[in-house]
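Report on the structure given below.
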Amino acid sequence: MPFTPAPWPRKLRSQHWYGGTSRDTIYHRGWLKNQGYPDDLFDGRPVIGILNTWSELTPCNGHLNELAEKVKAGIWEAGGFPLEVPVFSASENTFRPTAMMFRNLAAMAVEEAMRGQPIDGAVLMVGCDKTTPSLLMAAASTDIPSIVVSGGPMLNGWWRGKPVGAGTHLWQFSEAVKAGEMSQYEFLEAEAAVTRSAGSCNTMGTASTMASMAEALGMALSGNAAIPAVDARRRVMAQLTGRRIVQMVKDDLKPSDVMTREAFENAIRTNAAIGGSTNAVIHILAIAGRVGIDLTLDDWDRLGRDVPTIVNLQPSGKYLMEEFFYAGGLPVVLKRLGEAGILHKDALTVSGTTIWDEIKDVRNWNEDVILPADKALTQSGGVVVLKGNLAPKGAVLKPSAASPHLMKHRGRAVVFEDIDDYKARIEDEALDIDETCIMVLKNCGPKGYPGMSEVGNMGLPPKVLRKGITDMVRISDARMSGTAYGTVVLHTTPEAAAGGPLAVVRSGDMIEIDVQARRIHLDISDEELAARLAQWTPTHEVPASGYAWLHQQHVQGADTGADLDFLRGKRGRDVGRDSH
Ligand code: FES
């Protein structure tokens, strides 16, 4: 359906606070004027909240306060009234027990910050992994006109003459130290080289994936995902975003107009083409749940299957986000999907036009970074969804980050009951394990951890690493960092802490995975499985109170996005009663 802009001028929701001469409106205007705003700013023009996840403890977003000045400039230029609002910011590299536990808290807080305050539109200033989905979830639930501007990725890291990627190389260096191939001194020297500029992780990790998802969904201006944080064009993007949101408010162009089923299908296929993070599965399902679109894990498998991974970026490939930007960035990938007939070209974007109109004239400037289809990293990109008696509701695996020789594998389970058990035993030379075994980790799902930590790519035992082996099959209900790699089966659902079959796997059981057949199987009889499940009792930690308790009581499975059950859906933008 073509979008029909709302008539303009009309009364906006901010006028419920600032319009008229009642005692209450005088109170609202008067207090805001303590910051030096003249009368005419309250004349009914769009009031834009710049929802800023800047925080010095979210280093990936540490430059967003400067970028916000450019957003403000754009809003002023377009005749809006910008007000910057700090919002909950969860850093992937700092927050404990895991930033993921706070994605939903951030989404809830931002939703109420949007609805409860006098804003007509929102600029979502995001960067680090969880900041993008949490603000998109909030925008979806309020349906207030919103637009994303990302902070942008870091410049390439360089160490000893070679480019190094944030995250990916950290994991590689850590394994090299354990294998005795790298000294601790060298590891320390590499530390600052990996993350040398402002911005988010520069691999196709979760932050870059979610920035790409925002663009593919149509929620950011074309080209937003890849511009480096410190490139002057990132500042231009911020200013243009500020200009654009003012017109979006006038047109009443809402998240639900943009984030349609077609937009989500575009995002899923884009994720396959870029070799994006498995975390996108959870976030996209959660955002869809907020808009009210019935997206499923099966959609991920069906739509991503047979989409070649053409973006040659770490962790699946070679390059980093800087080269992706120079090659043309996400618009080139979207154009390729369009040319292959697997892009919904008519999907509306925040620009007010279709996604195809935005990208149809772009060019690829480096075919070693954005590969021709016949040179793709894998012809079957996307996220594979495995099902079977070990994962009745599904588990995911990223083929482009996995080892081809392990895609069909049968091995003896070596079970770790939780992450502490894993840490206590993995370096024990007496551990009965070799490279043919399958490592199984329990109690790291949304309820079990709680929060679903990124520990699914368990490091291999040192005695296996010393043989030069770099990959083994690993199965868990955890997530994996988007910068990580390996033949890693993640998000096993139902999770162990919810009494899923994963909870009753024992060391010595045989497990089979067959990626081509989408199968994961615990090789015991149905009767044996039923008997074990009947005897199972939970062993995971239960928080006594606080947000961790709320989260554990209400979090849903990874197969639907791990949102809190009472937050799913759209609640709208109704202003509600005045407090005076
Ligand atoms: Fe923030 Fe990677 S840790 S983007």
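Take the sequence shown: its position 455, counting from 1, is numbered 545 in our numbering, and each next residue is one higher.
Cβ coordinates follow ideal geometry from the N, Cα and C atoms, glycine included.
If you're wondering where the values come from, they're calculated on a predicted model, not measured in any experiment.
When DSSP assignments are scanned along the stretch 242-284, the uninterrupted stretches of beta strand (DSSP E) that are 3 or more residues long and fall wholly within it turn out to be 247-249, 252-254. Listed in chain order, the non-local C-beta contacts of S597 below 7 Å within the same chain comprise A503, V504, V505, local neighbours out to five positions each way being set aside. When secondary structure is reduced to three states using DSSP, K340 falls in the helix class. Taken in chain order, the unbroken stretches of alpha helix (DSSP H) that lie wholly in the stretch 527-574 and span 4 residues or more are 552-555. Straight-line measurement puts the Cα of L580 at about 14 Å from the Cα of P591.
The continuous alpha helix (DSSP H) containing A301 extends over residues 296-307. Those residues that bring their Cβ nearer than 5 Å to a heavy atom of ligand 1 are C150, E182, N183, C218, S290, C291, A297. Rounded to whole angstroms, the separation of the alpha carbons of K268 and M562 is 16 Å.
Rounded to the nearest angstrom, the gap between the Cα atoms of V238 and C150 is 16 Å. When DSSP states are grouped into helix, strand and coil, S179 belongs to the coil group. Just so you know, the alpha carbons of E276 and D616 end up roughly 51 Å apart.
For H434, the secondary structure class from DSSP, reduced to helix, strand or coil, is coil. For the pair A370 and G472, the CB atoms are not nearer than the 8 Å cut-off. Excluding sequence positions up to five before and after D341, its CB lies within less than 7 Å of the CB of P95, A96, G442, all in the same chain and listed in chain order. The C-beta of S635 has fewer than 16 other C-beta atoms within 10 Å across all chains shown, which makes the residue exposed. Just so you know, the alpha carbons of N533 and Q643 end up roughly 15 Å apart.
Using a Cβ distance threshold of 8 Å, L375 and T650 count as a contacting pair. Going by beta carbons, K162 and P176 fall outside the 8 Å limit.
When the beta-carbon positions are compared, L403 and M303 stay at least 8 Å from each other.
Positions of the beta strand (DSSP E) runs, each at least 3 residues long and wholly inside the stretch 475-502, are given as 481-487 in order along the chain.
Spatial neighbours of K344 in its own chain (CB-CB distance under 6 Å, excluding positions within 5 residues in sequence) are listed in chain order as D233, P235.
R325 counts as buried, since no fewer than 16 other beta carbons sit within 10 angstroms of its beta carbon. Its chain contains Y539, G541, S543 as the residues whose beta carbon lies nearer than 7 Å to that of P187, once the 5 sequence neighbours on both sides are disregarded; these appear in chain order.
Annotation: the continuous alpha helix (DSSP H) that includes D389 extends over 387-394. Spatial neighbours of L260 in its own chain (CB-CB distance under 7 Å, excluding positions within 5 residues in sequence) are listed in chain order as V284. The beta carbons of V423 and I400 sit closer together than 8 Å. Annotation: the continuous beta strand (DSSP E) that includes A212 extends over 211-216. For the pair R658 and I364, the Cα-to-Cα distance works out to about 28 Å. DSSP, read as helix, strand or coil, puts N356 in helix. Taking all protein chains in view, the Cβ of L330 is crowded by 16 or more other Cβ atoms within 10 Å, so the residue is classified as buried. Taking Q105 as the centre and dropping the five residues before and after it, the same chain places the C-beta of G134 closer than 7 Å to its C-beta, in chain order.
When only Cα atoms are considered, A607 and M529 end up about 21 Å apart. Only buried fits L410, as 16 or more other CB atoms lie within 10 angstroms of its CB.
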